[in-house]
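Using numbering that gives the first Met the number 0, the letters of the sequence shown correspond one by one to residues 0 to 325.
For glycine and all other residues, C-beta sits at the position ideal for the given N, C-alpha and C.
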Amino acid sequence: MTKEIKKIGVFTSGGDAPGMNAAVRAVVRTAKYYDIGVAAIYQGYKGMVEGNIQPLSTRSVANIIQRGGTVLKTARSEEFRNRDGRMQAYENLKDQKIDACIVIGGDGSYTGANIFTSEYDIPFIGLPGTIDNDIYGTDLTIGFDTAVNTAMEAIDKIRDTGSSHDRLFFIEVMGRHAGYIALHTGIGAGASTIFIPETVTPIEKLIEKLNRSSKSNKLFNMVVVAEGNENGDAMTIAKKVKEHYGYEARVTILGHLQRGGSPTSVDRVLATRLGYSAVKCLVEGDRNIALGIINDKLEKTSFADAISKKKDINKDLLDMANILSL
Ligand code: F6P
């Protein structure tokens, strides 16, 4: 018999992502429907260790569905990496009579959940919240669609000035280990070349393209670079291209602006669906799983698989982008 859940702790962890608030709202309101209490654990695992836990009423999540960032705050926690820290976290959850937790975050957050649930009897449900989209077991992560749209709109603006001056632009987008943002933004913004961490694109390939385009009088070129690609960051690539091949370029690093802003409808619906499903899964007896949506269907993955398995990037999309950017 699985233990009945009377109170849930909800928290956001790792890099914030637009849509996290929509997920929190859905958790609180669905829990209310099932007559389950909800407490906010502020600042993720850090707040769990420090006992920064407060009750959340259904009213307290009003007016947050449209807000970026996370109203529950997020932080990194060194303490939770240690056994003593996790024991303190467990005691705090017990003191607050929390029977289960819902964590919204990326792979680091899932790793914490996996370790904690192997040591203690408080079950966790994980919801994929990261702009990077690099979580196994879901087509999309909460925040990805908004981040891509934000980056694409920024690049559209750079295109206006870049094409006016016939300039070569390097635009760096986020994704330390994942090229999803770069790939989708690059396709959406019509980039000439896209550098991502999952595949090596030699700089010479870019040079061939630049040579071809200067012969055909196409002087404006936009290159999208994922921060974690093998050739180095956008600044480094631009420097090499100038020093070795004589092409002058401008560089824009979009940085954290990609993480902010009001979530798109795609992210709001995804987050709401996942938040609702997380509570429903707990009510129906599911324990220690990560949720995702694949082909429009709810999918359940063990934390171990969600952490260790890699979601493959669609290389056909990269080939397509190359063909289209002649
Ligand atoms: O949230 C994911 C991410 O945005 C990565 O794409 C990026 O490399 C990293 O977070 C940046 O983290 P921080 O905010 O700690 O600099």
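Any heavy atom of the ligand F6P within a distance shorter than 8 Å of the CB on residue i?
| i | result |
| --- | --- |
| I180 | yes |
| D106 | no |
| T69 | no |
| I130 | yes |
| G111 | no |
| M151 | no |
| G174 | yes |
| A177 | yes |
| E229 | no |
| Q42 | no |
| G259 | no |
| G125 | no |
| E171 | no |
| H164 | no |
| H255 | yes |
| A16 | yes |
| E226 | yes |
| G13 | yes |
What whole-angstrom Cβ distance do residue i and residue j have, given they're in contact under 8 Å?
| i | j | result |
| --- | --- | --- |
| T198 | L317 | 7 Å |
| K6 | D98 | 6 Å |
| E298 | T137 | 7 Å |
| V26 | G84 | At roughly 24 Å, the Cβ-Cβ gap does not stay under 8 Å, so V26 and G84 are not in contact. |
| G227 | G174 | 6 Å |
| V223 | I193 | 5 Å |
Which stretch, first to last residue, makes up the beta strand (DSSP E) that contains residue i?
| i | result |
| --- | --- |
| Q65 | From DSSP, Q65 is part of no beta strand (DSSP E); its letter is neither H nor E. |
| I195 | Where I195 is concerned, there is no enclosing beta strand (DSSP E), given that its DSSP letter is neither H nor E. |
| N91 | From DSSP, N91 is part of no beta strand (DSSP E) but of the alpha helix (DSSP H) over R82 to D94. |
| M173 | Segment: none, M173 is in no beta strand (DSSP E) and carries neither H nor E. |
Have a look at the DSSP bridge pairing and note the partners of residue i.
| i | result |
| --- | --- |
| V60 | None; V60 has no bridge partner. |
| P54 | A38 |
| P127 | G104 |
| I206 | The partner list for I206 (beta bridge, DSSP) is empty, contrary to what the question assumes. |
| V265 | DSSP lists no partner for V265. |
| T300 | A289 |
| G8 | A38 and C100 |
| M221 | F168 |
| T251 | I170 |
Is it right to say residue i is buried, meaning 16 or more other beta carbons lie within 10 angstroms of its own, or is it exposed?
| i | result |
| --- | --- |
| T145 | buried |
| L281 | buried |
| N91 | buried |
| L33 | It should be pointed out that residue 33 corresponds to Tyr in this sequence rather than to Leu. The residue is exposed, with fewer than 16 neighbouring Cβ atoms inside 10 Å. |
| S17 | The residue you asked about is not Ser; residue 17 is Pro in the sequence shown. When all chains shown are included, P17 counts as buried. |
| Q257 | buried |
| P127 | buried |
| T160 | exposed |
| E3 | exposed |
| I322 | exposed |
| E171 | buried |
With residue i as the anchor, note down where its alpha helix (DSSP H) starts and where it stops.
| i | result |
| --- | --- |
| A181 | Y179 to A188 |
| T145 | F143 to H164 |
| G235 | According to the sequence shown, residue 235 is Thr rather than Gly. T235 -> alpha helix (DSSP H) spans A233 to Y244. |
| I322 | K314 to L323 |
| K45 | G43 to E49 |
| T29 | M19 to Y32 |
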